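Engineer:
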Amino acid sequence: ANHACRPTARVRGRALVALVALAPGDEVTLDYDATEWEIAQPFDCRCGHAACRGSVRGFRHLDPETRRRLRPLR
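For our numbering, count along the sequence shown from 1 and bump the result up by 6.
And the structure:
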């Protein structure tokens, strides 16, 4: 799965959970900041979403509000 700041899926435990209805052929995207504390090789995000954060560096670099929004699904 590729990164997106507004992903189509999230990780719950060891399962991948769709956040939107996905049709065959739709791209599955994840927010890498929600799955990694520190990205080994940070990169600029080019997801194109209006809410794009611009860079992907890991959960530890996010502001408190974004961290709350990205907390793991239960």
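The beta-carbon is built from N, C-alpha and C at its ideal position, and this holds for glycine as well. Keep in mind it's a predicted model, so treat the numbers as computed, not measured.
Are there 16 or more other CB atoms within 10 angstroms of the CB of valine 34, so buried, or fewer, so exposed?
Structural biologist: The residue labelled residue 34 in the question sits at position 28 within the sequence shown. Exposed.
Engineer: Would the beta-carbon of alanine 57 fall within 8 angstroms of that of arginine 16?
Structural biologist: The sequence position of residue 57 within the sequence shown is 51, counting from 1. The sequence position of residue 16 within the sequence shown is 10, counting from 1. Their beta carbons are not under 8 angstroms apart, which means alanine 57 does not touch arginine 16 by this criterion.
Engineer: What's the C-alpha gap between alanine 46 and proline 30?
Structural biologist: Your numbering for residue 46 matches position 40 in the sequence shown. Your numbering for residue 30 matches position 24 in the sequence shown. Cα to Cα, the separation comes out at about 32 angstroms.
Engineer: Report the three-state DSSP secondary structure of alanine 15 (helix, strand or coil).
Structural biologist: As a first step, residue 15 is located in the sequence shown; it is residue number 9 there, counting from the start. Note: alanine 15 maps to strand in three-state DSSP.
Engineer: Quick check on the burial criterion: 16 or more other C-beta atoms within 10 angstroms. Buried or exposed for valine 23?
Structural biologist: Position 17 of the sequence shown, counted from the first residue, corresponds to residue 23. Exposed, since its Cβ has fewer than 16 Cβ neighbours within 10 Å.
Engineer: For glycine 19, which of Thr41, Asn8 and Cys51 has the nearest alpha-carbon?
Structural biologist: Numbered from its first residue, the sequence shown carries residue 19 at position 13. Selected option, being the one with the closest Cα: Thr41.
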